[in-house]
Amino acid sequence: MFKKIFNLSNKKSNTLITIDRQYGSKGDLIAQKLATRLEAEYFDENIIELKTLETQVDLSSVSKDDSFLKGTVYDLYRENDSYSEEDMMISDARFLAEAKTIRDIAKSRNAIILGKCAGYVLRDYKPLNIFIAADFEDRVKNIMDQMSYDEERATSKIKKMDMRRINHYERFTKGNFGQASEYDFTINTSKFSVDEIVNIIISLKNNY
5 MFKKIFNLSN
15 KKSNTLITID
25 RQYGSKGDLI
35 AQKLATRLEA
45 EYFDENIIEL
55 KTLETQVDLS
65 SVSKDDSFLK
75 GTVYDLYREN
85 DSYSEEDMMI
95 SDARFLAEAK
105 TIRDIAKSRN
115 AIILGKCAGY
125 VLRDYKPLNI
135 FIAADFEDRV
145 KNIMDQMSYD
155 EERATSKIKK
165 MDMRRINHYE
175 RFTKGNFGQA
185 SEYDFTINTS
195 KFSVDEIVNI
205 IISLKNNY
């Protein structure tokens, strides 16, 4: 089985990989390298937010009857009992608008999509859904190096970002951020180099 997974035969011509990651785990770098190696487009949270803004949807006026919601995870969202009011909160409307952006990307492009609950949003598209973690002390070191923070500030930032990502994921998916059963594959960047992880994920993609 292990040999089969890491054989380089290509079973899928298209590329659709979604990645969640712990803050400071080098998930962003891995996603960018994957996009380059696989000749796919890279979409992180900032790019998705900008593309959503291009739709010029007034999030403050979104209601349950708006036609732009069609083709999003609207029905899944309602099934999760997150939708109970006639008019949605801005954060809820933003999630649905960004979900539509993500699904539009998946329909037409080879893509590596980072964050934004993309694995959940695209679950009927069956992306290769990855979670990237790292040991806490390595995450602190990574943020200290990347952001020029001292240890105290890096630790505080990691805890804040972890809580934000956990809360966002749980609010909109009712799942558990980082739990192995939520993903097709999880990996710890403290145990492998970035390039080794990129190679592993490409091998998985080729046999997925």
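Just remember that this note's numbering sits 4 ahead of the position in the sequence shown, which is counted from 1.
Where is the CB? At the ideal position from N, CA and C, for every residue including glycine.
Taking all protein chains shown into account, decide if residue 23 is buried (16 or more other Cβ within 10 angstroms of its Cβ) or exposed. buried
Pick from 47, 19, 41, 43 that is closest to residue 32, judged by C-alpha positions: 47
Check whether the Cβ atoms of residue 1 and residue 191 sit closer than 9 Å, and answer yes or no. Only positions 5 to 212 of the chain appear in this structure, which leaves residue 1 out of reach.
Backbone CA spacing between residue 150 and residue 206 [nearest angstrom]: 26 Å
Quick one: what does DSSP say residue 124 is sitting in, helix, strand or coil? helix
I'd like to confirm the pairing. Which residues does DSSP put opposite residue 22 in its beta bridges? 117, 133
Check whether the region 139 to 150 touches the region 38 to 52, taking contact to mean three or more Cβ pairs, one atom from each stretch, closer than 8 Å. no
Unbroken alpha helix (DSSP H) run spanning residue 212, endpoints: Run containing residue 212: none; DSSP gives neither H nor E here.
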